[in-house]
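In order, the protein sequence lines correspond to chains A and B. Oh and the first sequence: position 94 is 94 in the working numbering, straight run, nothing missing. Oh and the second sequence: position 63 is 63 in the working numbering, straight run, nothing missing.
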Amino acid sequence: DSGVTQTPKHLITATGQRVTLRCSPRSGDLSVYWYQQSLDQGLQFLIQYYNGEERAKGNILERFSAQQFPDLHSELNLSSLELGDSALYFCASSPRGSGTNEKLFFGSGTQLSVL
Amino acid sequence: GESVGLHLPTLSVQEGDNSIINCAYSNSASDYFIWYKQESGKGPQFIIDIRSNMDKRQGQRVTVLLNKTVKHLSLQIAATQPGDSAVYFCAEKRAGNMLTFGGGTRLMVKP
Chain A
1 DSGVTQTPKH
11 LITATGQRVT
21 LRCSPRSGDL
31 SVYWYQQSLD
41 QGLQFLIQYY
51 NGEERAKGNI
61 LERFSAQQFP
71 DLHSELNLSS
81 LELGDSALYF
91 CASSPRGSGT
101 NEKLFFGSGT
111 QLSVL
Chain B
1 GESVGLHLPT
11 LSVQEGDNSI
21 INCAYSNSAS
31 DYFIWYKQES
41 GKGPQFIIDI
51 RSNMDKRQGQ
61 RVTVLLNKTV
71 KHLSLQIAAT
81 QPGDSAVYFC
91 AEKRAGNMLT
101 FGGGTRLMVK
111 P
């Protein structure tokens with residue numbers, strides 16, 4: 001168990017809908033990361049937050065947004081969903097988010113299916 | 001959730017043999033590298049890491065080799081066990097702490 005908690009484990013929804021994925025980082029970790037794992041593109045970095053502030057942005061669509069709350073949990077919001085958004089979404093956390101040698105610890109993921 | 005649907009290169013080894021999983025990374029400026037293991041239904045799990053000022057690092061049954069000249073990383077698993085069956089990803093860290101993952105290799109261990 002990595003200590004990173006993601007809910008829900010599975011989510012089935014329809015095109016055009018909006019969903020929220022939730023992540024609780026490891027105790028003491030200030031930085032949260034979101035990754036998308038799809039069949040054709042492997043693990044793709046979406047966005048990073050550190051202590052409530054956005055720190056880095058990757059290949060995140062404009063239809064997607066995220067935030068990190070004062071208690072350090074994070075939510076990833078996906079709107080106007082398309083079939084191609086079906087994927088595994090992982091959250092990871094690390095202590096500071098800026099150290100060269102910081103390891104990321106991953107949750108078990110949320111499997112999103114858009115029908 | 002699992003990554004079994006990915007069209008990944010597959011390495012099939014006999015239980016007890018040594019496994020070598022290779023990875024080519026893309027950015028010569030990357031200074032930190034990690035190997036992750038992803039089992040079915042789980043998230044990536046940290047195995048071993050190496051900094052760019054090293055060329056070899058050993059853990060328990062695992063060794064990572066780094067060749068910066070050709071931008072190549074390898075993971076060696078000694079005495080491979082059925083529990084080692086998983087998808088293995090290498091990841092490189094670039095500026096801004098953005099960890100970038102390679103495409104992954106599926107390791108299958110035959111009993």
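Virtual Cβ for every residue (Gly too), placed ideally from N, Cα, C. Fair warning: this is a prediction, and the values are worked out from it, not measured in the lab.
{"query": "Is L107 (chain B) helix, strand or coil by DSSP?", "result": "strand"}
{"query": "Cα separation between D71 (chain A) and K42 (chain B)?", "result": "25 Å"}
{"query": "Between D55 (chain B) and chain A, is any beta-carbon pair separated by less than 8 Å?", "result": "no"}
{"query": "Once you ignore the five residues that flank C23 (chain B) on each side, which residues in its own chain have a CB closer than 6 Å to its CB?", "result": "L73, C90, G102"}
{"query": "Quick one: list the residues of chain B neighbouring F64 (chain A), beta-carbon separation under 7 Å, in chain order.", "result": "The premise fails here: F64 (chain A) is roughly 17 Å from chain B at the closest Cβ pair, so nothing lies under 7 Å."}
{"query": "Cβ of R119 (chain A) within 8 Å of Cβ of L21 (chain A)?", "result": "This structure cannot settle anything about residue 119 (chain A), because the visible part of chain A is limited to 1 through 115."}
{"query": "Quick one: list the residues of chain B neighbouring S93 (chain A), beta-carbon separation under 8 Å, in chain order.", "result": "The premise fails here: S93 (chain A) is roughly 11 Å from chain B at the closest Cβ pair, so nothing lies under 8 Å."}
{"query": "Using 8 Å for Cβ pairs, my map puts L104 (chain A) next to Q37 (chain A). What's the rounded Cβ distance?", "result": "Not a contact, Cβ separation roughly 14 Å."}
{"query": "Which residues of the region 35-48 of chain B have a Cβ closer than 9 Å to any Cβ of chain A? Give them in chain order.", "result": "Y36, Q38, G41, K42, G43, P44, Q45, F46"}
{"query": "What are the partner residues of D49 (chain B), as DSSP defines its beta bridges?", "result": "B:I34"}
{"query": "Kindly identify the DSSP beta-bridge partner or partners of E53 (chain A).", "result": "A:Y50"}
{"query": "Counting only beta-carbon separations shorter than 8 Å, does F33 (chain B) have a partner in chain A?", "result": "no"}
{"query": "Can you check which of these residues, A:G84, A:F45, A:S74, A:T15, is closest to G52 (chain A) by C-alpha distance?", "result": "A:S74"}
{"query": "Check whether the region 53-71 of chain B touches the region 4-13 of chain A, counting contact only when three or more Cβ pairs, one atom from each stretch, lie closer than 8 Å.", "result": "no"}
{"query": "Starting from the C-beta of K93 (chain B), find all residues in its chain whose C-beta is less than 8 Å away, skip the five residues before and the five after it, and write them out in chain order.", "result": "S30, D31, Y32, F33, I34, L99, T100"}
{"query": "Going along the chain, which residues of its own chain have a beta-carbon closer than 6 Å to the beta-carbon of K37 (chain B), five neighbours each way excluded?", "result": "Q45, I47, A86, Y88"}
{"query": "From which residue to which residue does the beta strand (DSSP E) around A91 (chain B) run?", "result": "86-93"}
{"query": "Report back the beta-carbon spacing between D49 (chain B) and N101 (chain A) to the nearest angstrom; my notes put them in contact at under 8 Å.", "result": "7 Å"}
{"query": "Between which two residues does the beta strand (DSSP E) holding H10 (chain A) run?", "result": "10-13"}
{"query": "Whole angstroms is fine: what's the gap from F64 (chain A)'s alpha carbon to S24 (chain A)'s?", "result": "19 Å"}
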